[in-house]
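Trainee: Would you mind keeping the following structure in view while I ask a few things?
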Amino acid sequence: MFSRKLILAVSILALAFSSSFARNILEKKIFYVNNVNKTGVAKFWVIYLGGFDVNLTRKIPGEGDVPVQAKVNLQLISSGYVEGNGYGTKGKVDCLPTLLFVNNGEERRIVLDSIDYIYDFGRKVQLKTGESGDLVLDIEGNKVSSRKFIMREYKLTNYYGEEILKEGSQETAIVAIALSQDGLAKAQKAQAVLDANTEQK
17 MFSRKLILAV SILALAFSSS FARNILEKKI FYVNNVNKTG VAKFWVIYLG
67 GFDVNLTRKI PGEGDVPVQA KVNLQLISSG YVEGNGYGTK GKVDCLPTLL
117 FVNNGEERRI VLDSIDYIYD FGRKVQLKTG ESGDLVLDIE GNKVSSRKFI
167 MREYKLTNYY GEEILKEGSQ ETAIVAIALS QDGLAKAQKA QAVLDANTEQ
217 K
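All residue numbers for the sequence shown refer to the working numbering, where the first residue is 17 and numbers rise by one.
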């Protein structure tokens with residue numbers, strides 16, 4: 017049904033579809049607030065998290081497990097996972113980073129559905145359990161924080177009898193997202209407290 021591939025053009029922070037992507041963007045409603053305090057709702061979306069230099073291990077034919085230095089671009093997809101792609105010393109690199117909840121030196125893997133809201137441009141998170149902490153991206157042992165939080169929304173459109181996803185918005189710098197409207201209100205309050213504390217320093 018969805019037969020488009022996501023390509024990230026970092027130089028202009030643009031997201032576009034090509035013909036080889038296969039059913040990656042599925043519906044997940046989120047509520048968001050952007051960097052000019054405008055709120056909205058998105059169902060099909062991709063959030064660019066930044067580019068990262070990482071050290072990976074890849075199995076190379078005839079060489080076995082080989083260390084690979086790479087630059088990967090990460091995006092959080094409405095299907096519920098983080099996708100990474102880029103290039104390294106052995107060519108094209110793809111990876112599926114995981115989300116980590118970090119608090120007081122302890123960390124554990126989490127999934128999107130366990131999250132109440134994310135704020136601070138993708139760096140802070142509150143879980144549905146009420147726990148708050150840092151949101152960390154684990155790229156096969158390379159643990160990083162979001163550098164960008166830029167969303168592109170897509171719309172489901174009927175095209176000659178086939179439903180396809182088409183770009184529905186320009187890139188938008190997002191401050192916070194939540195899985196419910198109540199969660200977004202809490203995210204905005206948490207962000208206001210964080211901003212106030214930052215101004216006092």
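Even glycine gets a Cβ: it sits at the ideal position worked out from N, Cα and C.
1) What three-state label does DSSP hand G199 in the structure shown?
2) Thinking Y97 and I193 are a contact (beta carbons under 8 Å), I'd like their distance in whole angstroms, please.
3) For K87, which three-state DSSP category applies?
4) Report the CB separation of G149 from N119 in whole angstroms; it is logged as a contact under 8 Å.
5) Between the segment 141-161 and the segment 46-60, do at least 3 Cβ pairs fall closer than 8 Å?
6) Given this structure, state the Cα-to-Cα distance separating E3 from R163, to the nearest angstrom.
7) I76: buried (16+ other C-beta within 10 angstroms of its C-beta) or exposed?
8) Opposite V160 in the DSSP bridges: which residues?
9) Just the C-alpha distance for L72 and K159, rounded to the nearest angstrom, thanks.
10) Can you tell me whether DSSP reads R39 as helix, strand or coil?
Mentor: Let's see:
1) One-based indexing of the sequence shown puts residue 199 at position 183. Note: G199 maps to helix in three-state DSSP.
2) Reading the sequence shown from its first residue, position 81 is the one you call residue 97. Reading the sequence shown from its first residue, position 177 is the one you call residue 193. That belief does not hold up - the Cβ atoms of Y97 and I193 are roughly 15 Å apart, past 8 Å.
3) As a first step, residue 87 is located in the sequence shown; it is residue number 71 there, counting from the start. Strand, per DSSP.
4) In the sequence shown, residue 149 corresponds to position 133, counting from 1. In the sequence shown, residue 119 corresponds to position 103, counting from 1. 3 Å between Cβ atoms; contact.
5) no
6) The chain is shown only over 17 to 217; residue 3 falls outside these bounds and no answer can be derived.
7) Looking up residue 76 in the sequence shown gives position 60. So I76 counts as exposed.
8) For this step, residue 160 is matched to residue 144 along the sequence shown. Looking at the DSSP assignment, V160 forms a beta bridge with L153.
9) Translated into positions along the sequence shown, residue 72 becomes position 56. Translated into positions along the sequence shown, residue 159 becomes position 143. Cα to Cα, L72 sits roughly 12 Å from K159.
10) Position 23 of the sequence shown, counted from the first residue, corresponds to residue 39. Unreliable positioning characterises R39 in this predicted model, as indicated by a pLDDT of 49, which lies under 50. The coordinate reading is nonetheless provided below. Three-state result, R39: coil.
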